[in-house]
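In my numbering, the protein residues as written are 276 to 427.
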């Protein structure tokens, strides 16, 4: 299991700390993730049983996907073009196909981007959804028990 410590500055790194299972952690391993990256999501995006990390970058146009390797290490980032200034990303099965999809907010504007999975670790084009208000951090969850996720 990896714990994510993401700087809220222009540091440009994602620091991963591997838990030892006794309340202590191995030394951090840093991965480049662009400038001013915030609010990542950890989930198994490629369906291999290991948590991958999705990281939006405020001054970029993409979400970077770091796929987990053995022993809580991560490979090079794969970039998914999302739109200008992604702020936060979360994941969940939005279309009922059993695959984790992505939802991203933006630092400026009043929309979300929904990116549906097309296969294990692969994604289609983003679809913009108007929100009517400026967005920031977000979560997905089944708020009324009907088995369908809601974005809030």
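A virtual CB, placed ideally from N, CA and C, is assigned to each residue, including glycine.
Judged by DSSP in its simplified three-state form, residue 352 adopts coil rather than helix or strand. Cβ-Cβ distances below 7 angstroms link residue 367 to 375, 376, 415 and 424 in the same chain, with the five nearest sequence neighbours on each side left out; the list follows chain order.
With the rule of 3 Cβ pairs closer than 8 angstroms, the stretch 399-411 does not count as touching the stretch 339-353. No Cβ-Cβ contact shorter than 8 angstroms links residue 318 with residue 305.
If only complete runs of 3 or more residues are kept, the stretch 309-333 shows the beta strand (DSSP E) at 316-318 and 327-331, in order along the chain. Annotation: the continuous beta strand (DSSP E) that includes residue 292 extends over 288-293. Note that the C-beta distance between residue 399 and residue 381 is not below 8 angstroms.
Counting only the Cα atoms, residue 342 lies some 11 angstroms from residue 324. Separation of the CB atoms of residue 364 and residue 316 is rounded to 5 angstroms, and the pair is thereby assigned contact status at 8 angstroms.
Judged by DSSP secondary structure, residue 386 falls within the beta strand (DSSP E) whose first and last residues are 386-390. The beta carbon of residue 301 is closer than 7 angstroms to those of 292, 293 and 295 in its chain, skipping five residues each way along the sequence. Linking residue 411 to residue 298 through their CA atoms gives a straight-line distance of about 31 angstroms.
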